[in-house]
Structures are given as C-alpha cells and as structure tokens.
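Its first residue numbered 25, the sequence shown is counted upward by one per residue in my numbering. These notes concern the structure reproduced below.
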Amino acid sequence: MFKRIDHVEIVTDQPERTVEFYTEVLGFTVKSRDRIDPAAPGVSLDLVYLELGGTVVELMTYHGMALDRPPAKEHLGYRIMALEVDDMRTAVDYLGAKGVDVVWGPKIREKYARAEIRDPDGNHIELRQWIR
C-alpha cells in the first residue's frame with residue numbers, strides 16, 4: 025500500500041539560488057516546474073521538482089506577500105515528507121481503521137491526489153497518488 029518516500033518539500037525565498045545549489049553542486053536535475061494561482065488570496069506558489077536517483081525534492085516559493093515570505097503558517101526550510109500510495113481511498117480507509125485522521129484532503133488534481141496526516145508528534149506527512 026505505501027510504496028516509498030515520494031518527495032521532501034523545502035520552502036525557499038531564493039528559488040534560483042536553491043535550484044542552482046541542488047543541480048550544480050549536488051547533481052539533481054530539474055524534473056518539472058508548476059505554478060499554483062492563487063495558493064491563498066493574492067498569493068501564488070511556484071514549485072520546482074528536483075530529482076536525484078529517484079528521490080525528489082520539491083522546492084516551494086510563495087509570491088505576492090511582502091518580501092516573498094511564506095504565509096503565516098509556513099516557514100522557510102523543511103516542510104513535509106510525502107509517501108507515495110497506490111490508491112488514495114484505500115490508504116485513507118486503512119489509516120482511519122488504525123485511528124489516524126486525515127487532517128487535509130484528499131484533494132484531487134489532474135496529475136495527482138494528495139492528503140495529509142500527522143504522526144504522533146504532530147509532524148505532517150503527505151500522502152500522494154500520482155495519476156498517470
């Protein structure tokens with residue numbers, strides 16, 4: 025049911041410098057880019073997916089706020105670990121039976137479905153089903 029760590033999210037306010045570090049220094053390649061408008065009222069979100077050996081780092085940059093800082097509940101740095109699942113509904117039902125609540129989602133987009141749970145310490149874990 026749970027396949028692998030799908031990606032790790034990092035919020036940055038310096039996306040080009042961060043992309044350069046991951047690609048030029050660490051050898052990642054840019055897998056894809058996306059923009060979500062609006063992520064919040066008046067705020068857009070740029071996403072850059074970087075890949076190295078099957079591991080993906082998702083860089084997130086918020087725009088439209090003073091100094092391009094992230095929204096109030098966001099912070100710079102590590103944000104979340106994401107687990108890829110075979111089927112979102114099956115995973116959500118399984119977790120519910122184990123007493124684990126979904127705290128956000130599932131949200132279905134064209135290429136993926138996602139939801140979030142929390143571990144016992146409150147750390148966010150995203151569930152991601154890729155729709156191919």
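For each residue, glycine too, the CB sits at the ideal point set by N, CA and C. The structure displayed is predicted, hence computed values, not measured ones.
Contact holds between the segment 149-156 and the segment 95-109, because three or more Cβ pairs, one in each stretch, are under 8 Å apart. In the DSSP assignment, Ile155 forms no beta bridge with any residue. Between Glu82 and Val72, the alpha-carbon positions lie close to 6 Å from each other. The Cβ atoms of Tyr86 and Val67 sit closer than 8 Å to each other. Sequence-distant Cβ neighbours of Glu75 in its own chain, meaning closer than 7 Å and more than five residues away, are Phe52, Thr53, Lys55. The three-state secondary structure of Met105, taken from DSSP, is strand.
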